[in-house]
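All remarks here apply to the structure that follows.
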């Protein structure tokens, strides 16, 4: 039998999809405190390489959190230990993001998983690539 | 003269402080889609090692984004290229988080900076440690 933690083994996947609205981006600015005008002001954004407002990089990272927190092991407790993120392409309002998290390593002694984490747009552009580490435990 | 990108050199700092309310945590759940009950349901959270609801790890990461996006170089364009995060301690409603980002490397040819990024609580507990990479450009 393959090594497993709470029923998860190498190759197990969690997928989460979310559309991004201008209202979502404003709400993320409020909740994070990152009110940089690149994310909200079209006149300001026109003076940057992006030419139009873009979502915060960490907004896209939230989609990975959603995949891990709601899809990976809904009947167990998933504890986020670490995440590496490379922000590779901008995200705009109207985009649809899909995070795919795939287990690459299982540490049964410490109940830990390593996952490859990728966020793509509707047109398959990769917007974030990285690696997550989580601990998965039974609910008490 | 030290190597600089848009006036920033090794040792330059950006600091951002934010208090965390239960409403903030719920709003983050909405905007990210990470509706795991560990962050919102006291009865569920009581069955985990945390015993009470905790903020999402990525919520704390947003405070780093806010430091980089609003404090590092408010007159320039700061583009987030990468971030490593180790989530080291839980954050609860009522905590006050401070992100401190300190430039550790300057790449003048590519206009890139590497920063040490630390998020601490009011009692000095380190909740996140990591490293950011950004590109900083003049506003057009």
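Residue numbers (my numbering), protein chains in the order written: chain E, 1 to 140; chain U, 1001 to 1140.
Glycine included, each C-beta is placed from N, C-alpha and C at the ideal position.
Burial is judged here by how many other beta carbons sit within 10 angstroms of a residue's own beta carbon; residue 32(E) has at least 16 and is buried.
Here residue 1095(U) has 1020, 1121, 1122 as same chain residues with Cβ atoms under 7 Å from its own Cβ, once five neighbours each way along the sequence are excluded. Listed in chain order, the alpha helix (DSSP H) elements of length 4 or more contained wholly in the region 6-41 of chain E are 22-32. Fully contained in the region 85-132 of chain E are the following beta strand (DSSP E) runs of length 3 or more, in chain order: 96-107, 112-120. Assignment of residue 140(E) by DSSP, reduced to helix, strand and coil, places it in the coil class. Against residue 140(E), the close residues of chain U are 1046, 1047, 1048, 1049, in the order they occur along the chain (beta-carbon pairs closer than 9 Å).
In this structure, residue 1054(U) lies away from residue 1119(U), with their beta-carbon atoms at least 8 Å apart. Burial state of residue 1140(U) is exposed, judged by a 10 Å Cβ sphere holding fewer than 16 other Cβ atoms. When CB distances to chain E are screened at a threshold of 9 Å, the residues of the region 1058-1070 of chain U falling below it are 1058, 1059, 1061, 1062, 1063, 1064, 1065, 1066, 1067, 1068, 1069, 1070, in chain order. The C-alpha of residue 1014(U) is placed about 31 Å away from the C-alpha of residue 114(E). The beta carbon of residue 105(E) sits closer than 6 Å to those of 114, all from its chain and outside the five residues before and after it, given in chain order. Check the Cα spacing between residue 1044(U) and each of 39(E), 77(E), 9(E): the tightest is with 77(E).
Not one beta carbon of chain U lies nearer than 8 Å to the beta carbon of residue 98(E). At least one CB of chain E lies nearer than 8 Å to the CB of residue 1082(U). Between the alpha carbons of residue 83(E) and residue 58(E) lies a gap of roughly 12 Å. Interface criterion met: the Cβ of residue 1036(U) is under 8 Å from a Cβ in chain E. The C-alpha of residue 85(E) lies about 6 Å from the C-alpha of residue 128(E). Going by beta carbons, residue 116(E) and residue 125(E) fall outside the 8 Å limit. Residue burial is scored here from C-beta neighbours: residue 46(E) has fewer than 16 other C-beta atoms within 10 angstroms and is therefore classed as exposed. Classified as exposed, residue 23(E) has fewer than 16 neighbouring CB atoms from the shown chains inside 10 Å of its CB. Residue pairing for residue 1135(U): DSSP places it in a beta bridge opposite 1079(U), 1112(U).
Distance from residue 99(E) to residue 138(E) at the Cβ level is roughly 25 Å; contact not present, criterion being Cβ atoms closer than 8 Å. Within the region 24-35 of chain E, 24, 27, 28, 30, 31, 32, 33, 34, 35 place their CB atoms closer than 8 Å to a CB of chain U, listed in sequence order. For residue 13(E), there are no C-beta contacts with chain U under 7 Å, since the nearest C-beta of that chain is about 17 Å from it.
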